[in-house]
Amino acid sequence: MATFDEDAFGNKPLSRHDAQKLQGMASDWNMIESNLKESAFTLLTEVSTAVAEYADESIVDKELDRLDGLMREIIDIDVEIRTHEQVLKDLHQKVVGGDEIVRSNILEHYQAQVQERLDTYGEKTSRQKYVKSEEYVAFRQSIYEVQHPNEAMPPVVEFLPQGLYAHLIVSEEGDDSDDDGDDIQVGGVLQDFNCP
């Protein structure tokens with residue numbers, strides 16, 4: 395009976411064939427992200443628009459706050475999915491570029507890279523995470539258009555007050571520098587082309 399020889403398989407560098415597998419896994423993560431965007435973001439935006447049309451403001455505000463929290467959670471999940479995809483793409487590029495990555499260390503390397511990037515994202519404040527998210531902007535815009543027809547929407551930063559974090563009002567360090575040096579905030583503009 396033959397025994398398994400770990401030295402024959404374990405510590406060899408990844409080959410170009412392995413790089414193709416990494417690229418395939420990255421594509422799988424991309425497909426998951428596409429499905430998330432097509433379903434969850436769209437559905438949550440449509441539900442929030444329907445809720446915003448409801449007449450009882452006390453119920454509407456409570457439900458919109460809950461939906462806002464869900465949207466931010468989905469955005470966080472999307473960031474995690476894109477992180478997995480990007481780390482796999484980076485590993486693929488390293489292998490194709492000739493960098494030697496040993497098979498026995500690939501899982502630890504992958505997990506460490508993903509965790510490092512997610513930790514960096516987790517350190518951001520709510521404003522830093524969501525103010526530039528296209529999905530969050532579209533979500534807030536759809537609600538605003540129902541609640542304030544014929545009015546331009548203010549910049550999204552106004553919907554994320556300092557200290558707002560996942561349904562709790564807490565002081566978040568870094569809120570004073572949320573804009574990352576950006577001096578320009580984008581908001582809606584309403585133009586009336588009717589003759590006086």
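Start counting the sequence shown at 395; every next residue gets the next number (my numbering). C-beta atoms are modelled at their ideal positions from N, C-alpha and C, and glycine is treated no differently.
Legend entry - Which residues DSSP lists as bridging V496, in chain order: The partner list for V496 (beta bridge, DSSP) reads P407.
Inset, instruction - Run the CB neighbour count on L482, radius 10 Å, all protein chains shown included, and call it buried at 16 or more, exposed below. - result: buried
Legend entry - T477 - containing alpha helix (DSSP H), residue span: E451 to V490
Legend entry - Cα-Cα separation between K406 and Q487, rounded to whole angstroms: 18 Å
Legend entry - alpha helix (DSSP H) segment containing Y538, residue limits: Looking at the DSSP string, the run of the alpha helix (DSSP H) that includes Y538 is E528 to Q541.
Legend entry - Whether R460 touches Y524 by CB criterion (8 Å): no
Inset, instruction - Compute the distance between the beta-carbons of D412 and V508, then report whether it is under 8 Å. - result: Taking 8 Å as the cut-off, the Cβ atoms of D412 and V508 do not count as close.
Inset, instruction - Return the chain-ordered list of same chain residues with a C-beta closer than 7 Å to the C-beta of W423, the five sequence neighbours on each side being excluded. - result: I475, H478, E479 and L482.
Inset, instruction - Using three-state DSSP, classify A413 as helix, strand or coil. - result: Three-state result, A413: helix.
Inset, instruction - Grab the span of the alpha helix (DSSP H) containing L554 for me, first residue to last. - result: From DSSP, L554 is part of no alpha helix (DSSP H); its letter is neither H nor E.
Inset, instruction - Measure the alpha-carbon distance for I578 versus I495 and round it to whole angstroms. - result: Reliability fails at I578, whose pLDDT of 47 lies under 50, so the model's placement of it is uncertain and no value is given.
Inset, instruction - Look at the Cβ atom of L438, then the Cβ atom of L464, and state whether they are nearer than 8 Å. - result: yes
Inset, instruction - Pair every Cβ in the stretch 530-537 with every Cβ in the stretch 439-450, then say whether three or more of these pairs are closer than 8 Å. - result: yes
Inset, instruction - Report the option in V531, S428, K415 and Q417 whose CA atom is closest to the CA atom of I471. - result: Ranking V531, S428, K415 and Q417 by Cα distance to I471 puts S428 first.
Legend entry - Collapsed DSSP secondary structure at M547 in the structure displayed: coil
Inset, instruction - Tell me whether the beta-carbon of R497 lies closer than 8 Å to the beta-carbon of L408. - result: yes
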